[in-house]
Amino acid sequence: MSYIYHSLFNRRILKTTINTIFLLLLTIGNSFSQEHKDQTFVVSGKVINSETKEGISYAHVNLDDTYWGVICDSLGFFRIRVNPDQKLKVTAMGYKAQLVDVQTPGVENEIFQEIIMDIESYMLQEVQVHSFGSWNDFKEQFVKAKAPADPDASLAINFGDFTMDEYTGRAMRRQGAGVSLGFGKRKKKFKGMKIPTKLEEIQATLFAEKFNRNLVAEITKENGNRLDILMKYINSRTSFSYQSSDMYIVRRVKELHKKFLQEDTDFQNNLSFTDTLGRIENHLRP
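Just so we're aligned: the sequence shown equals residues 0 to 285 in numbering that gives the first Met the number 0.
Right under this line is the structure:
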């Protein structure tokens, strides 16, 4: 009988202890959340033009280093909740952006702050606006218009510390992407062959610098015949150009190399009996 009594007594004590611990955890968590909530306060204010002393309509008031913020009303008033030590970034079209320190409130949980902004403007060059009446008239005039003569389109391209000739020679010394171009004053034009323009030559050299056999070998660590097959595999599944970013090319090459490792057997069988032009080689020739 005493054993049953002690067992019931111990269970009651254990239950009471668990309930007490649970209530303590709830109380501590609530006190922490209440303390954190009480740290924030509301800042209301007005964004004012330094010259006219009038409110700036629809100015943007953001918390610094965040995407949170509000837009002032038509009179320049705003209201936003902030944490201690946060700053306000105020911007408006035609005014200098400002980073404003927020005043810490005293007794009340809300403060009012005026923000003065200086006008910032830039003089633009004069332009002429012409009206062609309708959209169809504009398209017709646009098609008929002649582009101004540009003696050397390469002048508009920034080659950094290299001249155009140095950049071209540096790019062509590396193995390209299968593009063969001739440089020089004398160019023979064969039947059915289009002589590339100066701009097309520059674009081709830029592309050869971005994507070539050496680059693929460095990224994938492939070589020899497998590298040739991998180049065919990549070229058949991509459409890189001189405008493609280096980061995109590297990422795409890595993705295709992973797929190539999975499809290597089937793809190699499809290309093992073809030459660079896709023609079947004659193995019967002595």
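Ideal placement from N, C-alpha and C gives every residue a C-beta, glycine not left out.
Limits of the unbroken alpha helix (DSSP H) element including residue i
i      : result
Thr51  : Looking at the DSSP string, Thr51 is not in any alpha helix (DSSP H), and its letter there is neither H nor E.
Asp72  : Neither: Asp72 is in no alpha helix (DSSP H) and is coded neither H nor E.
Leu229 : 223 to 234
Leu98  : Not the alpha helix (DSSP H): Leu98 falls in the beta strand (DSSP E), residues 97 to 100.
Lys288 : For the chain, the structure presents residues 0 to 285; residue 288 sits outside this window and is missing.
Ala216 : 212 to 219
Phe141 : 134 to 143
Anticipated Cβ contact below 8 Å, residue i with residue j, distance rounded
i      : j      : result
Glu109 : Phe40  : 6 Å
Ile55  : Val69  : With a Cβ gap of about 14 Å, Ile55 and Val69 do not count as contacting.
Leu214 : Tyr232 : Contact doesn't hold; Cβ gap of about 15 Å is too wide.
Lys88  : Ala96  : 7 Å
Asp117 : Tyr94  : 7 Å
Val249 : Ile228 : The Cβ separation is near 20 Å, so there is no contact.
Ala216 : Leu226 : 6 Å
Cys71  : Val81  : In fact, because the Cβ distance is near 16 Å, the residues do not count as touching under 8 Å.
Segment limits, beta strand (DSSP E) that includes residue i
i      : result
Met116 : 109 to 116
Lys86  : 86 to 90
Spatially closest choice to residue i from the options, by CA coordinates
i      : options                        : result
Val128 : Pro83, Tyr121, Phe137          : Phe137
Phe131 : Phe21, Phe141, Lys52           : Phe141
Asn224 : Ile218, Arg212, Ser235         : Arg212
Val42  : Asp100, Lys209, Leu123, Ile115 : Asp100
Ile115 : Ser133, Asp84, Ala58, Asn222   : Ala58
Glu119 : Leu25, Phe259, Glu50, Lys197   : Glu50
Counterpart residues of residue i in DSSP-defined beta bridges
i     : result
Ile55 : BP columns for Ile55 are empty, so no partner.
Val81 : Phe40
Asn61 : Gly68, Lys88
Tyr94 : Ile118
Short Cβ contact (8 Å threshold) for residue i with residue j
i      : j      : result
Gly75  : Lys52  : no
Ala207 : Pro195 : no
Ser243 : Lys209 : yes
Thr65  : Pro83  : no
Beta carbon proximity, residue i to chain D, threshold 8 Å
i     : result
Tyr57 : Within the model displayed, chain D is absent; a lone protein chain is all it includes.
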